[in-house]
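Following: one structure in structure tokens, then a few remarks.
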Amino acid sequence: MTKKTGAEILWECLVREGVEVVFGLPGGAIMPVYDAMLYYPIHHVLVRHEQGAAHMADGYARASGKVGVAMATSGPGATNLVTGIATAMMDSSPIVCITGQVHAHLIGGDAFQETDVTGITLPITKHNFLVTRAEEVADVVREAFYIARSGRPGPVLIDICKNAQVEEVEYSYPEEVSLPGYLPPTHAPMEDLKRAAELIEQSERPVILAGHGVMMSDAMEALSVFATKTQTPVAMTLLGLGSFPASDPLNLGMMGMHGEAYCNLAIQNADLLLAFGMRFDDRVTANLRTYAPRARKIHIEIDPSEVHKNVEVDVPLVGDLNTVLTDLIPLVDEYDHEEWRSEIEEWRGESQARDIMTWPDDGKLYTAHAIRDLWEVTNGEAIITTGVGQHQMWAAQYYHFEKPNRMITSGGAGTMGFGLPATIGAWFAKPDEEVWLVDGDGSFQMTQAELSTAMQEGANIKIAIMNNRFLGMVRQWQEFFFESRYSGTPLSCPDFVMIAEAHGIPARKVTEPGEVLPAIEFARQTDGPVVIEFQVEKEEAVYPMVPTGADLDKMIRRPIRNEPTAAD
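The opening residue of the sequence shown carries number 8 in the working numbering; numbering runs sequentially from there.
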């Protein structure tokens with residue numbers, strides 16, 4: 008056995024874990040780690056703010072299915088990761104964050120840049136570690152990656168004291184992980200599977216609710232087989248988009264607050280809900296007291312703490328979704344549910360009559376039109392990342408995903424500023440894929456410094472900023488519920504084209520519908536990062552919308568717009 012420093016052991020373990028890229032920003036308490044990095048074949052991406060590092064690791068993880076890694080120094084470096092860690096926790100994204108800490112003997116003495124980051128992040132990590140000795144490093148890194156990627160994935164933080172980085176100890180890589188108290192479930196009991204099959208047989212109006220867990224468990228094929236065999240319509244959460252092909256006739260699109268009206272109506276009129284890898288978030292259920300009142304419920308979920316948490320279910324199936332679905336499929340018969348699906352199609356037709364895409368051309372530039380054009384030009388094949396706000400909902404509604412892991416967005420935390428750094432992370436995961444960021448002017452400005460990172464790395468990402476000169480989603484709420492008192496939402500923006508060009512990034516401004524397609528083609532034909540600023544309608548609203556506390560089917564709907572007459 009050879010002796011290595013704790014910092015060298017860290018990099019040895021990262022290489023063994025298959026890490027190829029780390030997103031970070033150095034500082035005093037992690038300097039020995041950065042010095043040792045020079046001797047290992049891992050690419051380091053220098054971010055402009057540590058929040059960007061966490062979001063990049065998150066975007067990388069979602070696009071690749073691997074564990075993303077972020078790195079920061081102690082104190083403010085570590086606390087700047089917190090928003091990104093919370094985002095990953097809410098969306099079950101596997102990232103490992105490595106932070107430097109002051110010398111172990113200084114802990115508790117308020118040393119320079121000392122912060123109790125393990126205490127701060129305890130509620131927003133799947134697990135965290137404080138490493139005070141070099142001999143702990145190898146076991147902790149091995150355990151951290153195992154915890155992050157297994158079971159219900161999530162963020163893990165490793166805080167390494169500076170002395171542990173420089174001490175020399177004998178090193179051997181721990182091939183096995185021993186965590187006796189940590190046993191993620193796999194198979195559900197057969198008696199529960201049979202009870203679920205009985206409910207499915209009795210159902211005449213079933214709906215599948217597909218969540219992020221479908222993709223995290225790689226259960227897309229099993230979902231397709233089950234839905235096709237039972238002819239059950241599939242509704243998706245925001246993070247579940249792409250788990251079931253948009254072109255499939257059984258696809259109902261997105262459910263919830265800004266979901267498709269016919270999808271919400273189907274849920275409220277169902278007699279059976281089959282929840283696959285989703286957690287009954289409030290944005291999905293709306294008023295819990297009136298949620299799917301006539302439906303019995305089957306919940307397949309790997310995290311037992313999510314079962315019965317928000318919605319009482321009739322049959323909980325705790326286990327890995329792919330495994331449980333594979334076990335359940337042979338137990339169910341083939342059905343057609345033709346009458347039920349025909350009823351849903353009637354609702355779908357009524358919804359389409361209200362769609363902004365049915366409006367006559369009025370010469371105005373709408374975000375929905377730009378996103379639909381982007382979908383058509385890219386054949387629905389691009390990886391789409393977003394910030395948070397109206398543009399995020401329009402992207403979910405108008406970019407139709409045929410494949411999994413193509414919609415990368417902040418769901419549970421709703422983190423503005425997620426978009427740009429997550430896009431960079433996604434590009435590192437899939438450098439040969441077409442990667443587009445659809446962002447809002449407010450969300451983009453929160454992390455726009457990462458344009459420098461994109462330029463420095465030559466990231467081939469395309470950035471579409473939907474600039475409506477408002478914090479759009481908050482403005483919409485103010486319009487609907489606060490008598491259009493726009494308090495704190497009008498937004499003064501820089502010239503995003505000039506901002507991009509100041510970073511050496513090609514850019515274009517779009518002000519009319521006829522300029523959309525040429526701008527998209529310009530971006531696609533240009534190597535490296537490109538920024539397109541779309542100056543869209545200022546006060547357009549996302550429809551439908553379920554008001555807070557309302558029943559899921561009590562939506563604010565877009566009025567049906569008639570064709571213009573000669574008098575118009």
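The beta carbon of each residue, even a glycine, is placed where N, CA and C say it ideally should be.
{"Item": "Indicate the three-state DSSP secondary structure (helix, strand or coil) for L129 in the structure shown.", "Value": "helix"}
{"Item": "To which residues of the same chain is E409 closer than 7 Å at the C-beta, ignoring the five residues directly before and after it?", "Value": "P252, A253, S254 and G387"}
{"Item": "The alpha helix (DSSP H) with M63 in it runs from where to where?", "Value": "E57 to S71"}
{"Item": "Distance, Cα to Cα, S491 vs V481?", "Value": "11 Å"}
{"Item": "Is the CB-CB distance between A90 and Q120 below 8 Å?", "Value": "Looking at the sequence itself, residue 90 is Thr, so the reference to Ala does not match. No, the pair does not count as a contact, with Cβ atoms beyond the cut-off."}
{"Item": "Please list the terminal residues of the continuous alpha helix (DSSP H) segment that includes M364.", "Value": "Looking at the DSSP string, M364 is not in any alpha helix (DSSP H), and its letter there is neither H nor E."}
{"Item": "For the beta strand (DSSP E) holding P213, just list the boundary residues, first then last.", "Value": "P213 to A217"}
{"Item": "Quick one, are the C-beta atoms of V7 and M414 less than 8 Å apart?", "Value": "Look at the range of the chain in this structure, 8 to 575, and you will see that residue 7 is not part of it."}
{"Item": "Just list the residues that DSSP pairs A77 with in beta bridges.", "Value": "F30 and C104"}
{"Item": "From which residue to which residue does the alpha helix (DSSP H) around R379 run?", "Value": "T374 to V384"}
{"Item": "By alpha-carbon positions, which one of D98, G426, P187 and F487 ends up nearest to M223?", "Value": "D98"}
{"Item": "Between the Cα of H306 and those of T365, G284, R348 and N294, spot the shortest distance and give me the residue it belongs to.", "Value": "G284"}
{"Item": "For F488 and V291, what's the separation of their Cα atoms in angstroms?", "Value": "20 Å"}
{"Item": "Starting from the C-beta of S210, find all residues in its chain whose C-beta is less than 6 Å away, skip the five residues before and the five after it, and write them out in chain order.", "Value": "D278 and L279"}
{"Item": "Only counting runs of 3 or more residues, tell me where the beta strand (DSSP E) segments fall wholly within the region 486-560, in order along the chain.", "Value": "514-517 and 537-542"}
{"Item": "Quick test of your reading: V148 and L17, contact by CB under 8 Å. State the CB separation rounded to the nearest angstrom.", "Value": "6 Å"}
{"Item": "Below 8 Å, how does it come out for the region 450-470 and the region 425-435: are there three or more Cβ pairs, yes or no?", "Value": "yes"}
{"Item": "Apart from the five residues just before and just after V331, which ones in its own chain have a Cβ nearer than 8 Å to its Cβ?", "Value": "H194, A195, L200, I307 and L324"}
{"Item": "Indicate the three-state DSSP secondary structure (helix, strand or coil) for E15 in the structure shown.", "Value": "helix"}
{"Item": "In chain order, what residues of the same chain lie with their CB nearer than 7 Å to the CB of L248, ignoring the 5 residues before and after it?", "Value": "M261, A403, F408 and M414"}
{"Item": "Have a look at Q359, G188 and G218 and flag the residue whose alpha-carbon is nearest the alpha-carbon of P566.", "Value": "Q359"}
{"Item": "Within 10 angstroms of the Cβ of T572, are there 16 or more other Cβ atoms? Answer buried if so, exposed if not.", "Value": "Below a pLDDT of 50, predicted positions are generally treated as unreliable, and T572, at 39, falls in that range; no measurement from the model is reported."}
{"Item": "Would you tell me roughly how many angstroms separate the C-alpha atoms of Y406 and D558, rounded to the nearest one?", "Value": "27 Å"}
{"Item": "Measure how close the beta-carbons of L164 and I92 come, nearest whole angstrom, since I'm counting them as under 8 Å.", "Value": "7 Å"}
{"Item": "Between which residues of its own chain and L206 is the CB-CB distance below 8 Å, once the five residues before and five after are set aside?", "Value": "L279, R303, I305, D321 and V322"}
{"Item": "Are the CB atoms of G158 and A79 nearer to each other than 8 Å?", "Value": "no"}
{"Item": "Which of the three DSSP states is assigned to D575 in this structure?", "Value": "With a pLDDT of 35 at D575, under the threshold of 50, the modelled position of that residue is not reliable, and no figure is offered here."}
{"Item": "For the candidate residues I127, M44 and A43, whose alpha-carbon lies nearest to that of P83?", "Value": "I127"}
{"Item": "Do L281 and L216 have their CB atoms nearer than 8 Å?", "Value": "yes"}
{"Item": "Candidates S100, R286, T132 and N317: which alpha carbon is nearest N294's?", "Value": "N317"}
{"Item": "Just curious, the alpha helix (DSSP H) that G260 is in, first and last residue?", "Value": "Segment N258 to M261 is the beta strand (DSSP E) holding G260; no alpha helix (DSSP H) there."}
{"Item": "Since I believe A85 is in contact with A60 (beta carbons under 8 Å), could you give me their beta-carbon distance rounded to a whole number of angstroms?", "Value": "At roughly 11 Å, the Cβ-Cβ gap does not stay under 8 Å, so A60 and A85 are not in contact."}
{"Item": "Is V325 close to the ligand MG? I mean its beta-carbon at under 7 Å from any heavy atom of the ligand.", "Value": "As for the ligand MG, it is missing from this structure, which has no ligand bound."}
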